[in-house]
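Q:
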Amino acid sequence: MSAVDDAVHTYTPREFHRQAHDALGNPQIRGNFRRAMDGLMAKRRGVFSDWDLETLRELGANIRLRALAKLPDLLEQLEANCQANGIQVHWASDGDEACRIIGEICQSHDARAVIKGKSMVSEEMHLNAHLERAGIEALESDLGEYLVQLNEQTPSHIIMPAIHLNTDEISEIMHTKTGTERTRDVDYMTAAARQQLRERFMAADVGVSGVNFAVAETGTLCLVENEGNGRMTTTVPPVHIAVTGIEKVVEQLRDVPPLYALLTRSATGQHVTTYFNMISGPRKSDEHDGPREVHLVLVDNGRSSIYQDDELLDTLRCIRCGACMNHCPVYTRVGGHTYGTTYPGPIGSILMPHMLGLEETKDLPTASSLCGACGEVCPVKIPIPDLLVRLRKESVGEGRGNVPGAGVKRSAKEVAAWKGFQWLATHPAAWRRSTALAGKLHKLVPSSLGPWTDHRTAPKPAKASLHALVKRYRRGEGES
Amino acid sequence: MSSRETILKRLRERSDGPLTAPASDFAVVTGRGWDASERLARFEQLIGSVHGEVMHTTQAGWTETLAKVLAAKGIARLALGREHPVAAEARRALADHSVELVDVDRDIEAWQREQFESVDAGLTSTRGGIAETGSLWLWPTSDEPRLISLVPPTHIAVLDADSIEDTFFDVVERNAWAQGMPTNALLISGPSKTADIEQTLAYGVHGPKALVVIVRHTGEVPA
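The following block contains the structure:
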């Protein structure tokens, strides 16, 4: 079965081209993504129809910008209010430090089993692998994440982690790994996963979740979900650890409803998700359930570097809805794994270079036709195409040098070629002489120009340039 | 320097200089101008579209509706609070009923497996509803803990029709949430669901498979 075979694959951004080639040749992958993305696009259109979408996006962008403008103050306020609520706050400069902090909290409770709600930041820092090395089992509880983990894969979409798998493949994975019947009955498979995971919720020592919005004003952690696994993860185990990027903070509670409205509608075309879970502390002495300890781990991991630059800053407005990938003609065709990064698609292409460096990710900013769809659907109006162009410039050393690995794609030959062209194009006499020469030698231009001509016909310079033709015409030589 | 200090210092000493915070205009998320019947209709349509079952009843007769729901769903064991008027009235009305009432005012550690495996439904009050999205809002308490709206396969929620507001923003503002948040505040919009298997919708993945909303009316009860 291809799904199970696929599991041995490890994807890397360095191999983007080869992976894209493989994915394009895989009708299963293309079919799965095409169907899913078409569905998500249609649902999003439907659910925004009675909204003044532009005004709402303006507000969303504005709230995120305000939060970023006050970011250091808001983080301190968030910390103070969380602590006042009884939440323990930790700071991590990078993913390794965050893993270490979470590992230590687990060890201080002699934890052997961790149950996880969906968290992209934990994927970003490879938390599961870290915990497993420490002898702690980390089990994903979001159904899609659970299936992907059973199949020893990583998510291919930030909202729909198992979107690359179809029903038959999932049935096979569940059969092989958990012993369920082979079936196309989605209700049966869902019920089986419910049973399997309920045992694990009860047995878990620690629950680890992400955060969608952290509210500085009240010290509140907001989680958006449909399944209830997020509520289980943050309520059933005796310890809850929430992990989030430092950019997820918002100033006030009133900032939350507009962002939540934008998030659910942009992500899955829902008016609202089943659950919106707002946590402002551990179990109080008179309460009967909920964790006795709540921790918040604030992770930088490259975000404070992005924060330095006025243009790159917009990257941090992201609320992780996935609309940019749903609408991206490249993502739709090659799928999420092709990118080889935690965050795939357009947002991944503008975010991952900061986390991994352009040496690793130099192909990602070019994995776009710059059609502009991602920027048009972004609920917080991130100018993604402009940022892709900026990273392309950085990768050839023509930017501000603010991105790790800047200049990695700079080639002396290419620079010289463009310098030469620039000189030629700004010196009319030389330009005319060289175009005339090119016209005379047009038979010598090769018909094969590398990959570019695999599917195109090589251009042939005309015998005479348009300039020359007009000149001749004016001299009364008529049309030739 | 600690990571905390390093991060804050980097953010404060931003190389492109300090940023200006724009003001926000929230008009787009409030001021819907719906009347009570529009609010109710919208609430019912939206929560119904995600498999929430809505029953209308009177303030006086709601426990009869509850008894009907319990019978129709074959619920043998019902978890509920004690002090909240909803729980107290339900307890009185169900005293002679065949359904077994399960006390929830005990620490979860003492009865976790019992709650996970042998409770058929949880009954809770709600603080209000949201018309725009078809949502309920709950602030669980020691009387009505967090898990009884999540763990049992059916959640029965009691909502007063006149507590439905237009938007989530209106709820947050008018009820002054920012003045003091509970340990856990919740919006619930339908039973638990997933579309993670090839985008096919399935209900009851981790939480309840069914959500019944008993809407209590002070005046006329809609058909």
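Taken in sequence, the protein lines are chains A and B.
For the record, in the first sequence the residue sitting at position 409 is 409 according to the UniProt record's numbering, with numbers rising by one throughout.
For the record, in the second sequence the residue sitting at position 212 is 212 according to the UniProt record's numbering, with numbers rising by one throughout.
Note that the Cβ used here is the ideal one computed from N, Cα and C, for glycine as well.
Treat the numbers as computed from the prediction; the structure is a model and nothing was measured.
1. Mind listing the chain B neighbours of Gln308(A)? Cutoff is C-beta to C-beta under 7 Å, in chain order.
2. Under 8 Å between beta-carbons, which chain B residues line up against residue 484(A)? List them in chain order, please.
3. Going along the segment 10 to 32 of chain A in order, which residues come within less than 9 Å of chain B, judged by CB to CB distance?
4. Can you check which of these residues, Met232(A), Ala468(A), Gly210(A), is closest to Val151(B) by C-alpha distance?
5. Going by other Cβ atoms of all chains shown within 10 Å of its Cβ, with 16 needed for buried, is Trp423(A) buried or exposed?
6. Starting from the C-beta of Ala80(A), find all residues in its chain whose C-beta is less than 8 Å away, skip the five residues before and the five after it, and write them out in chain order.
7. Counting along the chain, where does the alpha helix (DSSP H) carrying Glu104(A) start and finish?
8. Can you list, in chain order, the stretches of the alpha helix (DSSP H) that have 4 or more residues and sit fully within the segment 245 to 289 of chain A?
9. Please work out which residues of its chain come closer than 6 Å, Cβ to Cβ, to Ser2(A), disregarding the five sequence neighbours upstream and downstream, and give them in chain order.
10. Pull up the CB-CB distance for Leu130(A) and Gly103(A), whole angstroms please, since I reckon it's below 8 Å.
11. If Gly52(B) sits next to Gly190(B), beta carbons under 8 Å apart, how far is it from one beta carbon to the other, in whole angstroms?
12. Which residues, taken in chain order from the segment 232 to 260 of chain A, show a beta carbon closer than 9 Å to some beta carbon of chain B?
13. Report back the beta-carbon spacing between Trp139(B) and Arg127(B) to the nearest angstrom; my notes put them in contact at under 8 Å.
14. State the Cα-Cα distance for the pair Arg10(B) and Asp300(A), rounded to the nearest angstrom.
15. Given this structure, state the Cα-to-Cα distance separating Glu389(A) from Ile159(A), to the nearest angstrom.
16. Which residues share a DSSP beta bridge with Thr58(B)?
17. May I ask you to check if the CB of Lys177(A) is nearer than 6 Å to at least one heavy atom of the ligand SAH?
18. Does the beta carbon of Ile108(B) sit closer than 7 Å to a beta carbon anywhere in chain A?
19. With 16 as the cutoff for other CB atoms within 10 Å, does Trp452(A) come out buried or exposed?
20. DSSP puts Trp111(B) in a beta bridge; with which residues?
21. What does Leu298(A) pair with, by DSSP beta-bridge criteria?
22. Given Gly228(A), which residues of its chain have a CB within under 8 Å of its CB, disregarding the five upstream and five downstream residues?
23. On the three-state DSSP scale, how would you describe Leu370(A)?
24. With DSSP as the reference, label Arg44(A) as helix, strand or coil.
25. Quick check for students: name the residue ranges of the beta strand (DSSP E) that lie wholly in the segment 152 to 227 of chain A, counting only runs of 3 or more.
26. Going along the chain, which residues of the segment 29 to 43 of chain B sit with their C-beta nearer than 8 Å to a C-beta in chain A?
27. In the DSSP assignment, find the alpha helix (DSSP H) that holds Gly144(A) and state where it starts and stops.
28. Under 7 Å, Cβ to Cβ, is there at least one residue of chain B near Ser119(A)?
29. How about Lys68(B) and Thr154(B): do their beta carbons lie closer than 7 Å?
30. Within its chain, find whatever has a CB closer than 6 Å to the CB of Met55(B); leave out the 5 residues flanking it on each side and keep chain order.
31. Contact defined as beta carbons within less than 8 Å: I believe Trp34(B) pairs with Asp166(B). What is the distance between those atoms, to the nearest angstrom?
32. At the level of alpha carbons, what is the spacing between Asp96(B) and Ala90(B)?
33. Provide the residue span of the beta strand (DSSP E) that contains Arg77(B), from first to last.
34. Would Phe213(A) and Val236(A) be called neighbours here (beta carbons separated by less than 7 Å)?
35. At a cut of 8 Å, does the segment 277 to 296 of chain A reach the segment 350 to 360 of chain A through at least three beta carbon pairs?
36. For the beta strand (DSSP E) that contains Ala113(A), what are its first and last residues?
A: Looking at the coordinates:
1. Translated into the one-based positions of the first sequence, residue 308(A) becomes position 308. Result: Arg14, Ser15, Asp16.
2. Missing from the structure shown is residue 484(A); chain A here goes from 1 to 480 and no further.
3. Asn32
4. Within the second sequence, residue 151(B) is the residue found at index 151, counting from 1. Checked all of Met232(A), Ala468(A), Gly210(A); the closest Cα to Val151(B) is Met232(A).
5. Your numbering for residue 423(A) matches position 423 in the first sequence. Classification of Trp423(A): exposed, given that the 10 Å Cβ count is below 16.
6. What you label residue 80(A) is simply residue 80 of the first sequence in a count that begins at 1. Here the set comprises Gly219.
7. In the first sequence, the residue the question calls residue 104(A) occupies position 104. Residues 95 to 108.
8. 256 to 268
9. The sequence position of residue 2(A) within the first sequence is 2, counting from 1. Reliability of the predicted coordinates at Ser2(A) is poor, the pLDDT of 43 falling under 50, and the value obtained from them is presented with this limitation in mind. Closer than 6 Å at the Cβ level, and outside the excluded window around Ser2(A), lies no residue.
10. As a first step, residue 130(A) is located in the first sequence; it is residue number 130 there, counting from the start. As a first step, residue 103(A) is located in the first sequence; it is residue number 103 there, counting from the start. It should be noted that the sequence gives His, not Leu, for residue 130(A). Going by Cβ atoms, the distance from His130(A) to Gly103(A) rounds to 6 Å, so yes, they are a contact pair.
11. Reading the second sequence from its first residue, position 52 is the one you call residue 52(B). Reading the second sequence from its first residue, position 190 is the one you call residue 190(B). Contact holds; Cβ gap of about 5 Å.
12. Met232, Thr234, Thr235, Val236, Pro238, Ile246, Glu251, Gln252, Leu253, Arg254, Asp255, Val256, Pro257, Pro258, Tyr260
13. The count along the second sequence starts at 1 and reaches residue 139(B) at position 139. The count along the second sequence starts at 1 and reaches residue 127(B) at position 127. At roughly 6 Å, the Cβ-Cβ gap stays under 8 Å, so Trp139(B) and Arg127(B) are in contact.
14. Residue mapping note: residue 10(B) aligns to position 10 of the second sequence, counting from 1. Residue mapping note: residue 300(A) aligns to position 300 of the first sequence, counting from 1. Distance from the CA atom of Arg10(B) to the CA atom of Asp300(A), rounded to whole angstroms, is 11 Å.
15. Numbered from 1 along the first sequence, position 389 holds the residue referred to as residue 389(A). Numbered from 1 along the first sequence, position 159 holds the residue referred to as residue 159(A). Looking at the sequence itself, residue 389(A) is Val, so the reference to Glu does not match. Roughly 26 Å between the two C-alpha positions.
16. Within the second sequence, numbered from 1, the residue matching residue 58(B) stands at position 58. The partner list for Thr58(B) (beta bridge, DSSP) reads His217(B).
17. Ligands displayed in this structure: none; no statement on the ligand SAH is therefore possible.
18. Here the question's residue 108(B) lines up with position 108 in the second sequence. Look at Ile108(B): its C-beta is under 7 Å from a C-beta on chain A.
19. The sequence position of residue 452(A) within the first sequence is 452, counting from 1. Under this definition Trp452(A) is an exposed residue.
20. By one-based count along the second sequence, residue 111(B) stands at place 111. Answer by DSSP bridge pairing: none, since Trp111(B) is not bridged.
21. Position 298 of the first sequence, counted from the start, is the residue given in the question as residue 298(A). Leu298(A) pairs with Trp91(A), Thr244(A).
22. The sequence position of residue 228(A) within the first sequence is 228, counting from 1. Taken in chain order, the residues that qualify are Thr274, Tyr275.
23. Along the first sequence, read from residue 1 onward, the residue named residue 370(A) stands at position 370. Correct three-state label for Leu370(A): coil.
24. Taking the first sequence and counting its residues from 1, the one referred to as residue 44(A) is at position 44. Of the three classes helix, strand and coil, the one that applies to Arg44(A) here is helix, per DSSP.
25. List check, beta strand (DSSP E) in window: 206 to 209, 213 to 215, 220 to 225.
26. Val29
27. Taking the first residue of the first sequence as position 1, residue 144(A) is located at position 144. Run containing Gly144(A): 143 to 150, per the alpha helix (DSSP H) assignment.
28. For this step, residue 119(A) is matched to residue 119 along the first sequence. Not closer than 7 Å to any Cβ of chain B, the Cβ of Ser119(A) fails to qualify, so no.
29. For the purposes of this step, residue 68(B) is identified with residue 68 of the second sequence, where counting begins at 1. For the purposes of this step, residue 154(B) is identified with residue 154 of the second sequence, where counting begins at 1. Cβ atoms of Lys68(B) and Thr154(B): not closer than 7 Å.
30. Here the question's residue 55(B) lines up with position 55 in the second sequence. Result list for Met55(B): Thr65, Ile214, in chain order.
31. Numbered from 1 along the second sequence, position 34 holds the residue referred to as residue 34(B). Numbered from 1 along the second sequence, position 166 holds the residue referred to as residue 166(B). Between Asp166(B) and Trp34(B) the Cβ distance is about 6 Å, and since that is below 8 Å, they are a contact.
32. Taking the second sequence and counting its residues from 1, the one referred to as residue 96(B) is at position 96. Taking the second sequence and counting its residues from 1, the one referred to as residue 90(B) is at position 90. When rounded, the distance between both Cα atoms is 11 Å.
33. Position 77 of the second sequence, counted from the start, is the residue given in the question as residue 77(B). From DSSP, the beta strand (DSSP E) with Arg77(B) extends over 77 to 80.
34. Counting from 1 along the first sequence, the entry for residue 213(A) is found at position 213. Counting from 1 along the first sequence, the entry for residue 236(A) is found at position 236. No, they are not a contact pair.
35. Short answer: they don't touch.
36. The count along the first sequence starts at 1 and reaches residue 113(A) at position 113. Per DSSP, Ala113(A) belongs to the beta strand (DSSP E) from 113 to 116.
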